[in-house]
Amino acid sequence: MDENSLTADPSTWNGSNFVSVKQLTPEGLQLLFSVAKDMKALVRSEGGDERLKHRVLANVFYEASTRTSCSFQAAMLRLGGKVVCVNESSSSVKKGETLGDTIRCLECYADVTVLRHPVKGSAAEAASATQKPVLNAGDGVGEHPSQALLDTFTIEDEFSSTGGLQNKIVVLLGDLKHGRTVHSLAKLIARSGISGVTLRYCSPDILRMPEDVKEEVAKYGLQQEEFTNLKAALNGADCLYVTRVQKERFASEADYEAVKSIYIVDKEVMKAAPEKCIILHPLPRVGEIKEEVDSDPRAAYFRQMENGMFVRMALLALVLGKSGK
Amino acid sequence: MDENSLTADPSTWNGSNFVSVKQLTPEGLQLLFSVAKDMKALVRSEGGDERLKHRVLANVFYEASTRTSCSFQAAMLRLGGKVVCVNESSSSVKKGETLGDTIRCLECYADVTVLRHPVKGSAAEAASATQKPVLNAGDGVGEHPSQALLDTFTIEDEFSSTGGLQNKIVVLLGDLKHGRTVHSLAKLIARSGISGVTLRYCSPDILRMPEDVKEEVAKYGLQQEEFTNLKAALNGADCLYVTRVQKERFASEADYEAVKSIYIVDKEVMKAAPEKCIILHPLPRVGEIKEEVDSDPRAAYFRQMENGMFVRMALLALVLGKSGK
Amino acid sequence: MDENSLTADPSTWNGSNFVSVKQLTPEGLQLLFSVAKDMKALVRSEGGDERLKHRVLANVFYEASTRTSCSFQAAMLRLGGKVVCVNESSSSVKKGETLGDTIRCLECYADVTVLRHPVKGSAAEAASATQKPVLNAGDGVGEHPSQALLDTFTIEDEFSSTGGLQNKIVVLLGDLKHGRTVHSLAKLIARSGISGVTLRYCSPDILRMPEDVKEEVAKYGLQQEEFTNLKAALNGADCLYVTRVQKERFASEADYEAVKSIYIVDKEVMKAAPEKCIILHPLPRVGEIKEEVDSDPRAAYFRQMENGMFVRMALLALVLGKSGK
Chain Z
1 MDENSLTADP STWNGSNFVS VKQLTPEGLQ LLFSVAKDMK ALVRSEGGDE
51 RLKHRVLANV FYEASTRTSC SFQAAMLRLG GKVVCVNESS SSVKKGETLG
101 DTIRCLECYA DVTVLRHPVK GSAAEAASAT QKPVLNAGDG VGEHPSQALL
151 DTFTIEDEFS STGGLQNKIV VLLGDLKHGR TVHSLAKLIA RSGISGVTLR
201 YCSPDILRMP EDVKEEVAKY GLQQEEFTNL KAALNGADCL YVTRVQKERF
251 ASEADYEAVK SIYIVDKEVM KAAPEKCIIL HPLPRVGEIK EEVDSDPRAA
301 YFRQMENGMF VRMALLALVL GKSGK
Chain Y
1 MDENSLTADP STWNGSNFVS VKQLTPEGLQ LLFSVAKDMK ALVRSEGGDE
51 RLKHRVLANV FYEASTRTSC SFQAAMLRLG GKVVCVNESS SSVKKGETLG
101 DTIRCLECYA DVTVLRHPVK GSAAEAASAT QKPVLNAGDG VGEHPSQALL
151 DTFTIEDEFS STGGLQNKIV VLLGDLKHGR TVHSLAKLIA RSGISGVTLR
201 YCSPDILRMP EDVKEEVAKY GLQQEEFTNL KAALNGADCL YVTRVQKERF
251 ASEADYEAVK SIYIVDKEVM KAAPEKCIIL HPLPRVGEIK EEVDSDPRAA
301 YFRQMENGMF VRMALLALVL GKSGK
Chain F
1 MDENSLTADP STWNGSNFVS VKQLTPEGLQ LLFSVAKDMK ALVRSEGGDE
51 RLKHRVLANV FYEASTRTSC SFQAAMLRLG GKVVCVNESS SSVKKGETLG
101 DTIRCLECYA DVTVLRHPVK GSAAEAASAT QKPVLNAGDG VGEHPSQALL
151 DTFTIEDEFS STGGLQNKIV VLLGDLKHGR TVHSLAKLIA RSGISGVTLR
201 YCSPDILRMP EDVKEEVAKY GLQQEEFTNL KAALNGADCL YVTRVQKERF
251 ASEADYEAVK SIYIVDKEVM KAAPEKCIIL HPLPRVGEIK EEVDSDPRAA
301 YFRQMENGMF VRMALLALVL GKSGK
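Chains as they are written, first to last, in UniProt numbering: chain Z, 1 to 325; chain Y, 1 to 325; chain F, 1 to 325.
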């Protein structure tokens, strides 16, 4: 690993890039979550503070991702920082400049860069070109580490009075074959050092969790179970993480129709779900969770969205040496 | 009316949506104008203040409207708030997410949302999805309430030493058939509770003020008069509100040519206008007021533009509970 | 010259437009550089300050120029100011509004406007329409004055311990026929009042510095020399300013291939360059300086980029009357 490890010692974060969840030690992850919890309390009480006064974020998006962009912007602004947005379609980088040069130039104006790029490895490439911190906001089929962090933080936070993620049963639902989100989440939970977690994979047969992900999870000793039936998977579950099953993945319309309704979360499914089972979703949703579920207190996906900002506030504060820890 | 009334009591504004001028009681309108006047004084003396420190505005525009967008942004920034801009063409919302979900997500990061959307009713739809205030910045053929407010505020302000809008004669000029702006202005003046106002409608015959608008205005007891001749309409007038007559509205080029020059405000028209008659225009103009008029002290359209920011500062301060009242 | 002169007296800057380097007296240039130096020290120590609190910049770009836009934005933000960005393709100004009207409207919300526009003369046109300062960020084949300023400032700053630009030999390399950047730089150095500078023009024969530029430079008494051989031009040089030689300028591919490699700066060229000879480039580069040169301490182009922000901070502070001088 070229990138340095991010540990419980805040000085390992100060000035560091954050490109991959692999940089995080279990204790480093807990430090991040602890700072994110502080951020949540700060936003609830004061809306923000001025700790990043006179610091500038270059928020560089080579592909559109409104939520992630807004979340990082709001995170910086709520800490008193400033934001300069650069929205380029990758094609517009036709002048022939390298990504490294672009990032080095922006670094002349800014103190930290958030980068979203369609090509895997771009975040590491950008990070190696600069002296100042680069945060990976998604690099194609590579990683989208702040997403996995906010997902995991949400489970920890929702169960904060009952031991957090420890000993919980988490169901991952939907297209587990292609979903970057669920792969990252499974891996992050596995390497989190949090004990006793069971991962249940619930998907149509043709969209099962890939072997390589299961093998990596297995290394860390987690129990893994596979299901095609949602209600069976929900038995005793603490968390249901929903993702979309896309029609394009199926050989025929008939194949798709045969499975799709099984994976839609509605009031009926909520009746079958345990009393404390929270529902997560990376959003946007397109019908896979019905709006009738929104008012259920177990529907945690908008709280999850908000946690994204707290986690990103924590990341920015840590790499700029202002976590208060 | 689903939306709550906005009255002279600032607590009725705090946390409220502002979707339609119909929410405003006459006393609520006067509260808003009073706060807008404070904002004008603040900007003149200090440029702004910090009352919205740590508050974040999501400025969401589904169609381009540079002026309105900039005006709301500057309003938020001058009160010490932060802004996250979301500029989507409506077509880009193709991922299939509902407007309600989009707004609920943005609300996770922001404290207030300004929404511009091409579809009538969007602002109300967005407002019903969220807990935090939504301000309507124009929803298609629906309303553009901050425009009508700034127009009315400008008349009040320009005549502040002679009783404001009370007992004034206001001429609305141009395409009165299709103009959302003049419809809204006529209705807002009517329901403002300000007494003795006369509305004069001056337009080509085929572009007269619609009956339904005249009927609504009549309910409030205002005197209404119709003209095709501008100079006649200007006799004794206090305010001339100019809008464009578009060529596309006419059956033939000849029909258009026959009327267009009658409705162009130039030095000649200004000679005919009373000494204290102010000229307003929602801008942009395309020839309907000649540049030679700009240096006339009665040309109030750039002051009107500036008032737009003061009115929007007042709206933001009121719905975020920081009006100082 | 319609625009007022900008001198050593800060009051000549306060509220003024900055459209052309021709506005600068030699003493005015030194004032600007002195403030830019202060800005560099400020950013190094504190990141910024709050002197432009409650001031709003309208950053108006009618053509894309990410670096210049970001540089001005960061400059304003680091002085505690706020920024509203307007990015219009010139074609979108199809509603028919004049540039003057657009700028006057934005001025209603903002305290200062930065304008980038593809048409020569636009900055002066905008400036004449408004009461508040307009800064020219490039108007087509007209000027891009902040670029010439940051180039000159960089030479002054890099040689601050050995008399700055005075008595230095500056080599301008590449396409000297078409490059706005090198024309502006030559003219600014000439009129800077800094004595003893030699300008060396090194280019393919068909891309030589135009006569009119040489004539203007000559008026100020500078020594000018022409070269086609880079190594000869570097003999005793203090600064090498690199620009691109574009293939499109040549009659045939063969003509291009014959000259291109001569003008590429690599390790070999750096060996031939004097020990203290700094390398500048307006960026972006597309191969004309190899990445292997970046780690050479004489490679000053990223420091030059950073100086762009300091110079723009100085411009904003001066025209808003907050230079501290």
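Glycine included, C-beta positions come from ideal geometry on N, C-alpha and C.
It should be emphasised that the depicted structure is a prediction, and the values quoted were computed from it without experimental measurement.
Per DSSP, the bridge partner or partners of residue i
{"i": "Cys202(Y)", "result": "Leu173(Y), Phe227(Y)"}
{"i": "Arg116(Y)", "result": "Phe61(Y)"}
{"i": "Ile289(F)", "result": "Val265(F)"}
{"i": "Asp139(F)", "result": "His117(F)"}
{"i": "Ile278(F)", "result": "Cys239(F)"}
{"i": "Phe18(Z)", "result": "Leu135(Z)"}
{"i": "Leu24(Z)", "result": "Leu6(Z)"}
Contact set for residue i: own chain, Cβ-Cβ below 7 Å, skip 5 residues either direction
{"i": "Lys214(Z)", "result": "Gln224"}
{"i": "residue 343(F)", "result": "Within the shown structure, residues of chain F are numbered from 1 to 325, placing residue 343(F) beyond reach of any answer."}
{"i": "Asn17(Y)", "result": "Glu3, Ala127, Pro133, Val134"}
{"i": "Leu29(Y)", "result": "Ser192"}
{"i": "Ala300(F)", "result": "Thr154, Glu158, Ile278, Ile279, Leu280"}
{"i": "Lys247(F)", "result": "Tyr256"}
Reduced DSSP secondary structure (H/G/I, E/B, other) of residue i
{"i": "Leu31(Z)", "result": "helix"}
{"i": "Leu316(Z)", "result": "helix"}
{"i": "Phe72(F)", "result": "helix"}
{"i": "Gly196(Y)", "result": "coil"}
{"i": "Asp38(F)", "result": "helix"}
{"i": "Lys219(Z)", "result": "helix"}
{"i": "Tyr241(Y)", "result": "strand"}
{"i": "Cys85(F)", "result": "strand"}
{"i": "Phe159(F)", "result": "coil"}
{"i": "Leu283(Z)", "result": "coil"}
{"i": "Ala123(Y)", "result": "helix"}
{"i": "Phe302(F)", "result": "helix"}
{"i": "Val213(Z)", "result": "helix"}
{"i": "Leu79(Y)", "result": "coil"}
Buried versus exposed, by CB contacts within 10 Å (16 or more), residue i
{"i": "Ile206(F)", "result": "exposed"}
{"i": "Thr130(Y)", "result": "buried"}
{"i": "Asn229(F)", "result": "exposed"}
{"i": "Gln166(Y)", "result": "exposed"}
{"i": "Arg78(Z)", "result": "buried"}
{"i": "Glu143(Z)", "result": "buried"}
{"i": "Met1(Z)", "result": "Since pLDDT at Met1(Z) reaches only 39, below the 50 mark, its modelled position is unreliable, and no value is offered."}
{"i": "Val86(Z)", "result": "buried"}
{"i": "Arg285(Y)", "result": "buried"}
{"i": "Asp238(Y)", "result": "buried"}
8 Å Cβ shell around residue i - same chain, five flanking residues per side excluded
{"i": "Val319(F)", "result": "Trp13, Asn14, Gly15, Ser16, Asn17, Phe18, Val112, Pro133, Leu135"}
{"i": "Asp101(Y)", "result": "Ala129"}
Beta-carbon proximity list for residue i, same chain, < 6 Å, skipping 5 on both sides
{"i": "Ser92(Y)", "result": "Per-residue confidence for Ser92(Y) stands at a pLDDT of 47, beneath the threshold of 50, marking its modelled position as unreliable; the derived number appears in the next sentence. So the list is empty, once near-sequence residues are dropped."}
{"i": "Leu32(Y)", "result": "Ala314"}
{"i": "Leu172(Y)", "result": "Val182, Tyr201, Tyr241"}
{"i": "Glu226(F)", "result": "Tyr201"}
Any chain A beta carbon closer than 8 Å to residue i
{"i": "Lys132(Y)", "result": "Looking at the structure shown, chain A is missing, and the protein chains on hand are Z, Y and F."}
Any non-hydrogen atom of the ligand HEM closer than 7 Å to residue i Cβ
{"i": "Pro284(Y)", "result": "By its list of ligands, the structure shown contains no ligand whatsoever, and the ligand HEM lies outside what it can speak to."}
Exercise. With 8 Å as the C-beta to C-beta threshold (strictly closer), list the residues of the region 52-76 of chain Z near chain F in chain order.
Key: Cβ contacts with chain F come from Lys53, His54, Arg55, Val56, Ala58.
Quiz item: If you measure beta-carbon to beta-carbon, which residues of the region 104-120 of chain Z are closer than 9 Å to chain F?
Solution: Cβ contacts with chain F: Arg104, Cys105, Leu106, Glu107, Cys108, Tyr109, Ala110, Asp111.
Quiz item: Using a beta-carbon distance cut-off of less than 8 Å, what residues from the region 202-219 of chain Y approach chain Z?
Solution: Those residues of the region 202-219 of chain Y that come within reach of chain Z (Cβ to Cβ, closer than 8 Å) do not exist; the list is empty.
Self-check item: Residues in the region 305-317 of chain F having any Cβ partner in chain Z nearer than 9 Å
Solution: Listed by position along the chain: Met305, Glu306, Asn307, Gly308, Met309.
Quiz item: Taking a cut of 9 Å between CB atoms, which residues from the region 260-293 of chain F lie near chain Z?
Solution: Answer set for the region 260-293 of chain F: Leu283, Pro284, Arg285, Val286, Gly287, Glu291.
Self-check item: Contacting positions in the region 146-173 of chain Y - beta carbon closer than 9 Å to chain F
Solution: Cβ contacts with chain F come from no residue of the region 146-173 of chain Y.
Self-check item: Contact set between the region 31-55 of chain F and chain Z, restricted to residues whose Cβ is under 8 Å from the partner
Solution: Within the region 31-55 of chain F, Glu46, Gly47, Gly48, Asp49 place their CB atoms closer than 8 Å to a CB of chain Z, listed in sequence order.
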